[in-house]
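Numbering (our numbering), first residue to last: 16 to 702.
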């Protein structure tokens, strides 16, 4: 245990913080105001209690944070004013989040609240940077003052659970992108204080539903900044008059009975070419189309209840964009919902394949760079091709890919998404390849079929087909900066590397993600050399990463040649490199890698597979060249490799991680280890 206040105000303490795997208690204020502590904070699963203010003011702690399973209460100020800038993982057994618990810690990504959570205390998520839809668990009973204030990237319709009696002052203030609120029957008051009203400056609110027949008491600033004229407040039919005369509610100019009429999604877009989009209309009665542009064709214009439909954009002449809307209404009612539409002028057609580079040596090795979550508007503004070209440049701007670039064909496709961005557990985004953050962290498709469709789409490229997809790397660029990269590896060698647009500083920028995920995991099947756990690999009880069996299985496939479970010089995969003067003082046997500090070995002190620096170690460079030669139909020759091999001085320079080998200093768990897939089913292709 680390007892109360043991390191409080140790401002001169400057180091990484690594806990033993068997620690159970971290006391109140144990590391309070220790700004010199830096890097990722890994909390062992053995922890049963973390005291109030335990890490408050530890501004040097960065990256993501995962709360251990045995912790049921996050106490007051536990992680207040830390430097976290990754994602927050909360397990479902947490019931109470105390005041200021995560205040001023700039977490991003989606906030997935525990399913058993009951208390959200004052200022617990104030000034974080969460994004996506916020879903409040049905168990919530308390929403404190300023709980979510200034989380400007939260979106969607917020439904306050039944049982909540009051909403604290400033609870959702400055959540600019919240689209609406549903209030329960139990709600009695919506508060304000000298700082702000509960929903003050929530400029995006365009829908309010009140289920209670008695209007909740709202103080004068509760909805400051929310338009009172642009939408109808929906209330029980027999309570309309009460809301029209109630303090605060009467400031809204329109009140009517609640009716069910909604669309998913509510926006749609396309480029010039004729194309269809699917959507779903939800209704509790008969509906009809009131307005539709002449360049849109609907699969039906009237119906009853839930209806799956499609709309078709007509071919648009080049030169100008056009916008419009489809308005659906309930028959015999003025209740309406609108789908906004846009069609954008662009020089390439949807799903057109572009050749960015053709191989001039060998038979041609295929790389396919795709984007997901790029809307027609994004693409027409050049964002997709800009990001793709940047990713391609990063892929080849490192040895040995730079030297052997002429062996590669490089393609992309104009893959249009109906909506911009990526989805998650709570947030539905209609993108082309269904990219989501499945556990709040790991990017991928909703299921294996989505990954299969990506491989099938890659076969649209001129030289890619089902026979050589196993030697083709697909690099997927999701239109987000909130999540880390991940690679999916199939038994036959097929690979999809998800490389989001990282906005972290060097070396964890987009360049680092591309070179680590695509160039390292995806193409050549290298293993991670980073260390997350101070433990022997064969004795570590963690469930978050692979161990001996996983590493041995990869080695049996001929993958992960940069790692070894043996420290014997004649058994490591790089044994032949130890005897050459060119690599003296560089290639050796270093303990630590594959997430663990003991019992696993790497060949050099640092490399791209450790912390994303633009340098592959020597065995990795050789593995890359060996694979290039094999895919290109040429024989590999070690002497030829040696002659062309460029030893980048960055491996010996100040770029070597000065923070040691245990924890990423800036973003912690920036990468997820490769996800191993068995095999993909056959798919029909034209090529």
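Think of the CB as a built atom: it goes at the ideal place given N, C-alpha and C, for glycine as much as any other residue.
Bridge partner(s) assigned by DSSP for residue i
i	result
residue 26	According to DSSP, residue 26 bridges with nothing at all.
residue 542	DSSP lists no partner for residue 542.
residue 381	424
residue 174	197
residue 220	None; residue 220 has no bridge partner.
residue 434	For residue 434, which the question treats as bridged, DSSP gives no partner whatsoever.
residue 285	358
residue 646	Residue 646 is not bridged to any residue.
residue 70	DSSP lists no partner for residue 70.
residue 64	40
residue 351	344
residue 55	77
residue 372	425
residue 692	505
Residue i - DSSP class collapsed to helix/strand/coil
i	result
residue 256	helix
residue 161	coil
residue 597	helix
residue 614	strand
residue 293	strand
residue 36	coil
residue 715	In the structure displayed, the chain extends from 16 to 702; residue 715 sits before or after that span and is not available.
residue 84	coil
residue 521	coil
residue 225	strand
residue 625	helix
residue 363	coil
residue 343	strand
residue 567	helix
residue 312	strand
residue 302	strand
residue 638	helix
residue 77	strand
residue 678	The predicted position of residue 678 is uncertain, since its pLDDT is 36 and thus under 50; a value taken from the coordinates is nonetheless stated next. In this structure, residue 678 counts as coil in the three-state DSSP scheme.
residue 552	coil
residue 659	helix
residue 633	helix
residue 580	coil
residue 182	strand
residue 212	strand
residue 602	coil
residue 319	strand
residue 326	strand
residue 463	helix
Near the ligand ADP: residue i beta-carbon under 7 Å from a heavy atom
i	result
residue 362	Of the ligands one can find in the structure shown there are none, so the ligand ADP has no counterpart to examine.
Environment of residue i [buried if 16+ CB atoms lie within 10 Å]
i	result
residue 518	exposed
residue 697	exposed
residue 631	buried
residue 24	exposed
residue 315	exposed
residue 654	exposed
residue 709	What the structure shows of the chain is the stretch from 16 to 702, and residue 709 is not part of that stretch, so it cannot be assessed.
residue 678	Caution applies to residue 678, whose pLDDT of 36 falls short of 50 and renders its modelled position unreliable; the model cannot decide the point.
residue 648	exposed
residue 703	Beyond the ends of the chain as shown, which are 16 and 702, falls residue 703; an answer cannot be given.
residue 309	exposed
residue 134	buried
residue 212	buried
residue 521	exposed
residue 113	buried
- Message: With three or more C-beta pairs closer than 8 Å as the rule, is the region 400 to 412 touching the region 454 to 472?
- Response: Touching, no.
- Stretch-stretch touch, CB-based, cutoff 8 Å, three pairs: the region 355 to 364 with the region 323 to 342: Judged by Cβ distances under 8 Å, the region 355 to 364 makes contact with the region 323 to 342, as three or more pairs qualify.
- Task: Return the chain-ordered ranges of every alpha helix (DSSP H) run that is complete within the region 392 to 430 and spans a minimum of 4 residues.
- Result: Entirely contained in the region 392 to 430, the alpha helix (DSSP H) runs reaching 4 residues are, in chain order, 398 to 411.
- Along the chain, which unbroken stretches of the beta strand (DSSP E) at least 3 residues long are found entirely within the region 468 to 517? Listed in chain order, they are 488 to 493, 501 to 505, 510 to 513.
- Task: Could you say if the region 303 to 315 and the region 264 to 282 meet the contact criterion of at least three C-beta pairs nearer than 8 Å?
- Result: Segments in contact, no.
- At a cut of 8 Å, does the region 575 to 592 reach the region 510 to 530 through at least three beta carbon pairs? Below 8 Å, too few C-beta pairs join the region 575 to 592 and the region 510 to 530 to call them touching: fewer than three.
- Would the region 87 to 96 and the region 587 to 604 be scored as touching if the rule is three or more Cβ pairs under 8 Å? These segments do not touch.
- Flag this pair as touching only if the region 239 to 249 and the region 208 to 218 have three or more C-beta atom pairs under 8 Å; answer yes or no. Verdict: yes, contact present.
- Counting only runs of 3+ residues fully inside the region 87 to 150, write out the beta strand (DSSP E) ranges in chain order. Runs of the beta strand (DSSP E) spanning 3 or more residues and lying entirely within the region 87 to 150 occur at 146 to 148, in chain order.
- Task: May I ask you to verify whether the region 225 to 236 touches the region 259 to 276, counting CB pairs closer than 8 Å and requiring at least 3?
- Result: These segments touch.
- May I ask you to verify whether the region 465 to 485 touches the region 375 to 387, counting CB pairs closer than 8 Å and requiring at least 3? By the Cβ rule, the region 465 to 485 counts as touching the region 375 to 387, because three or more pairs are nearer than 8 Å.
- Would the region 474 to 494 and the region 163 to 173 be scored as touching if the rule is three or more Cβ pairs under 8 Å? With the cut-off at 8 Å, the region 474 to 494 and the region 163 to 173 do not touch.
- Query: Taking three-plus beta-carbon pairs below 8 Å as touching, is the region 554 to 572 in contact with the region 604 to 615?
  - Reply: A contact exists between the region 554 to 572 and the region 604 to 615.
- Message: Using 8 Å as the cut-off, can you tell me whether the region 29 to 36 makes contact with the region 51 to 63, which would need three or more C-beta pairs spanning the two stretches below that distance?
- Response: Yes: at least three Cβ pairs fall under 8 Å.
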